[in-house]
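Asks:
This is how it looks when you write it as structure tokens:
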């Protein structure tokens, strides 16, 4: 399932775009502790393709995708 | 010897739609034009739909007869453009000699990057893997020493495969293929070749050249060299665009055009689009043609040579209306209509003025078109429009310029 979410991100002075915090619809926000990997990738689960950020949030690892200018995550209940 | 790849996205439109809709991936899927706007034909299909013998170009109802459970997906051209660019980004990691052929195919010349075909094969395989991983769709790639065989290679094994055609093995791979697999051999040529007892590409390669030439003219020579692997046409560099041969738009409105006034509305919109596109590229045309398809799908094409080169909307519109008026008797309503400009020269070419034309007025018209172009670029095609197009929005409510996609021209043009 494709879940679009809002994200606070920062451009650094080299022009790199890095996500900092993700915000869920229900009002909760999570800080991204560390970005482990950035690469172009498709998400077969959610259905889309773009830049994939592998993020550590707490003790979990989640993929965060930037597709055009929208961010999405792969929902847990997949088809 | 050159190392050339031809990469072909398998069932491109359908693959992209399947990526975006996980729930339809295991079903037969066809991407279609908008049926409500009567553009309901099959544009692409996935591998499962292929098994039902569904063909590109047939009507949705025909396809549904063959496969009642067929999933019909709407086309999203913005997505296809984006995926086409993303594929191009991957290709550009290996070479700057990339020649696209439509949205879903490209030739790559990687000669400078490799020492032999084995390395060419490895690069092709890496591209194949990367496209699958990064885009979520599959490509098939042909690796060979000319563009024609590379294209044959990408057709040879698909989806998600690489085929190597070298000077050593080309006779085994290429020669048994049917003649119509060769680029340029269509239905008509195939038929003519058949009467000569030529059925495979190998037959073409081994046929006496004089016979091919006597039957097909100059094109016979071309086919002969294609079949033997003598093609030496270069892969163009990124960003290379040749002068267009023609600029045209056509449309099938959501209802038929019943009379001259109806057609006039549609032609105003089409002429506005083609003229703006010509002005954008600073080209002036000397030939205007219209094509008309009546409700029984009978097609007529008519063209007129203009007395001077132009891209003025008013002059082109007047010429098309004249063509329509002379050539159509309105015994049947018109289903679709198109306008094409051709025989271009650059807009700043000096031209002989005419004593019968008010040049001062022409200059004013040029300025008017220029101002209107500026407005439409900023506020959209509908911001300023001829009053007659407001009479029937069903006929005029489309914007060919924004919706225009440049399709590949033939390999030979």
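Protein chains in written order, with this note's numbering: chain A, 143 to 221; chain B, 2 to 414. Beta carbons: idealized from backbone N, C-alpha and C, even for Gly. Bear in mind the structure is a predicted one, so any value in this text is a computation, not a measurement.
1. Out of 212(A), 157(A), 145(A) and 172(A), point me to the one whose CA is closest to residue 163(A)'s CA.
2. How many whole angstroms separate the CB atoms of residue 324(B) and residue 289(B), which I take to be in contact at a CB cut-off of 8 Å?
3. Quick one: does residue 210(A) have its CB under 9 Å from some CB of chain B?
4. Tell me which residues share the same chain as residue 210(B) and place their Cβ nearer than 6 Å to its Cβ, disregarding the 5 neighbours each side in the sequence.
5. Can you tell me whether residue 383(B) is buried or exposed, with buried defined as 16 or more other CB within 10 angstroms of its CB?
6. In angstroms with no decimal places, state the Cα-to-Cα distance between residue 350(B) and residue 360(B).
7. Along the alpha helix (DSSP H) that carries residue 310(B), what are the first and last residues, could you check?
8. To be precise: take each residue of the stretch 97 to 131 of chain B, compare its Cβ to all Cβ atoms of chain A, and keep it if any distance is under 7 Å. Which residues remain?
9. If the criterion is Cβ atoms closer than 9 Å, does the pair residue 11(B) and residue 140(B) meet it?
10. Name the DSSP beta bridge partners of residue 284(B), please?
11. Would the beta-carbon of residue 132(B) fall within 9 Å of that of residue 99(B)?
12. Return the residues of the stretch 182 to 193 of chain A that lie within a Cβ-Cβ distance of less than 9 Å from chain B, sorted by chain order.
13. Between residue 320(B) and residue 272(B), what straight-line distance do the alpha-carbon atoms span, to the nearest angstrom?
14. Per DSSP, residue 258(B) forms a beta bridge with which residues?
15. Relative to the alpha-carbon of residue 244(B), which residue among 222(B), 220(B) and 285(B) has its alpha-carbon at the smallest distance?
16. Residues in the stretch 2 to 25 of chain B with C-beta within 7 Å of chain A's C-beta atoms, listed in sequence order?
17. Scan the stretch 338 to 400 of chain B and note each continuous alpha helix (DSSP H) run of 4 residues or more that stays entirely inside, going in chain order.
18. For residue 33(B), which beta-bridge partners are listed by DSSP?
19. Identify the continuous alpha helix (DSSP H) that holds residue 17(B) and give its terminal residues.
20. Taking the beta strand (DSSP E) that residue 112(B) belongs to, which residues open and close that run?
21. Taking CB distances under 9 Å as the criterion, tell me whether residue 398(B) reaches chain A.
22. Does any residue of chain A bring its CB to less than 9 Å from the CB of residue 28(B)?
23. Of all the alpha helix (DSSP H) runs that stay within the bounds of the stretch 119 to 199 of chain B, which reach a length of 4 or more residues?
24. At 8 Å on the CB atoms, spell out the chain A contacts of residue 48(B), in chain order.
25. Which one of 330(B), 311(B) and 316(B) has the shortest CA to CA distance from residue 344(B)?
26. For chain A, is any of its Cβ atoms less than 9 Å away from the one on residue 82(B)?
27. Does any residue of chain A bring its CB to less than 9 Å from the CB of residue 134(B)?
28. To the nearest angstrom, how far is the alpha carbon of residue 86(B) from that of residue 64(B)?
29. Should residue 258(B) be flagged as near chain A, meaning a C-beta pair shorter than 9 Å?
30. Should residue 399(B) and residue 270(B) be called a contact, given that it needs their Cβ atoms to be closer than 9 Å?
31. Just checking my contact of residue 142(B) with residue 40(B) at CB under 8 Å: how many whole Å lie between their CB atoms?
32. Going by alpha carbons, who is nearest to residue 150(A) out of 198(A), 170(A) and 160(A)?
33. Would you please state the rounded distance, in angstroms, between the beta carbons of residue 334(B) and residue 259(B)? I believe it to be under 8 Å.
34. I want to verify the contact list: residues of chain A whose CB lies under 7 Å from the CB of residue 185(B), in sequence order.
35. Comparing alpha-carbon positions, which option in 263(B), 179(B) and 292(B) lies nearest residue 392(B)?
36. Please determine, among 396(B), 366(B) and 95(B), the residue with the shortest C-alpha to C-alpha distance to residue 129(B).
Replies: So, from the listed chains and residues:
1. Residue numbering aside, residue 163(A) sits at position 21 when the first chain is read from its first letter. Considering only alpha carbons, the answer is 172(A).
2. Here residue 324(B) is taken as the residue at index 323 of the second chain, counted from 1. Here residue 289(B) is taken as the residue at index 288 of the second chain, counted from 1. Confirmed, Cβ separation roughly 7 Å.
3. Here residue 210(A) refers to the residue found at position 68 of the first chain. Output row for residue 210(A): interface = yes.
4. Counted from its first residue, the second chain places residue 210(B) at position 209. Contacts found: 225.
5. The residue given as residue 383(B) occupies position 382 in the second chain. It is exposed - the Cβ of residue 383(B) has fewer than 16 other Cβ atoms within 10 Å.
6. Numbered from 1 along the second chain, position 349 holds the residue referred to as residue 350(B). Numbered from 1 along the second chain, position 359 holds the residue referred to as residue 360(B). Approximately 16 Å between the Cα atoms of the pair.
7. Translated into the one-based positions of the second chain, residue 310(B) becomes position 309. From DSSP, residue 310(B) is part of no alpha helix (DSSP H) but of the beta strand (DSSP E) over 300 to 311.
8. none
9. For the purposes of this step, residue 11(B) is taken as residue 10 along the second chain, with counting starting at 1. For the purposes of this step, residue 140(B) is taken as residue 139 along the second chain, with counting starting at 1. Cβ atoms of residue 11(B) and residue 140(B): closer than 9 Å.
10. To locate residue 284(B), count along the second chain from 1; it is residue 283. Paired residue(s): 347(B).
11. The count along the second chain starts at 1 and reaches residue 132(B) at position 131. The count along the second chain starts at 1 and reaches residue 99(B) at position 98. No, they are not a contact pair.
12. 182, 183, 184, 185, 186, 187, 188, 189, 190, 191 and 192
13. In the second chain, the residue the question calls residue 320(B) occupies position 319. In the second chain, the residue the question calls residue 272(B) occupies position 271. Their backbone Cα atoms lie some 10 Å apart in a straight line.
14. Position 257 of the second chain, counting from 1, holds the residue named residue 258(B). Bridge partners of residue 258(B): 335(B).
15. As a working mapping, residue 244(B) is identified with position 243 in the second chain. Ranking 222(B), 220(B) and 285(B) by Cα distance to residue 244(B) puts 285(B) first.
16. 20, 21, 22, 23 and 24
17. 360 to 380 and 394 to 397
18. For the purposes of this step, residue 33(B) is identified with residue 32 of the second chain, where counting begins at 1. In DSSP, residue 33(B) forms a bridge with 43(B) and 75(B).
19. Taking the first residue of the second chain as position 1, residue 17(B) is located at position 16. That run of the alpha helix (DSSP H) goes 13 to 21.
20. Looking up residue 112(B) in the second chain gives position 111. Here residue 112(B) belongs to no beta strand (DSSP E), and DSSP marks it neither H nor E.
21. Along the second chain, read from residue 1 onward, the residue named residue 398(B) stands at position 397. Taking Cβ atoms only, chain A never reaches closer than 9 Å to residue 398(B), which makes this a no.
22. Counted from its first residue, the second chain places residue 28(B) at position 27. No, its Cβ sits nowhere closer than 9 Å to a Cβ of chain A.
23. 148 to 157, 171 to 174 and 188 to 196
24. As a working mapping, residue 48(B) is identified with position 47 in the second chain. Residues of chain A passing the Cβ test: none, with the nearest at roughly 16 Å.
25. What you label residue 344(B) is simply residue 343 of the second chain in a count that begins at 1. Here the closest residue by C-alpha is 311(B).
26. Residue 82(B) sits at position 81 when you count from the first residue of the second chain. False, the Cβ-Cβ gap to chain A never drops below 9 Å.
27. For the purposes of this step, residue 134(B) is identified with residue 133 of the second chain, where counting begins at 1. So yes, residue 134(B) belongs to the interface.
28. For the purposes of this step, residue 86(B) is taken as the residue at position 85 of the second chain. For the purposes of this step, residue 64(B) is taken as the residue at position 63 of the second chain. Cα to Cα, residue 86(B) sits roughly 30 Å from residue 64(B).
29. On the second chain, residue 258(B) is found 257 positions in, with the first residue counted as 1. Not one chain A Cβ lies under 9 Å of residue 258(B).
30. By one-based count along the second chain, residue 399(B) stands at place 398. By one-based count along the second chain, residue 270(B) stands at place 269. Closer than 9 Å, so yes.
31. One-based indexing of the second chain puts residue 142(B) at position 141. One-based indexing of the second chain puts residue 40(B) at position 39. Their Cβ separation, rounded to whole angstroms, is 32 Å, which puts residue 142(B) and residue 40(B) out of contact at 8 Å.
32. By 1-based counting over the first chain, the position of residue 150(A) is 8. With distances taken between Cα atoms, residue 150(A) lies closest to 160(A).
33. In the second chain, counting from the first residue as 1, residue 334(B) sits at position 333. In the second chain, counting from the first residue as 1, residue 259(B) sits at position 258. Rounded, the Cβ-Cβ distance is 5 Å, consistent with contact.
34. Locating residue 185(B) in the second chain gives position 184, counting from the first residue. None at all; the shortest Cβ gap to chain A is about 34 Å.
35. As a working note, residue 392(B) is residue 391 in the second chain. Of 263(B), 179(B) and 292(B), the residue nearest in Cα terms is 263(B).
36. Reading the second chain from its first residue, position 128 is the one you call residue 129(B). Checking every option, the nearest Cα to that of residue 129(B) belongs to 95(B).
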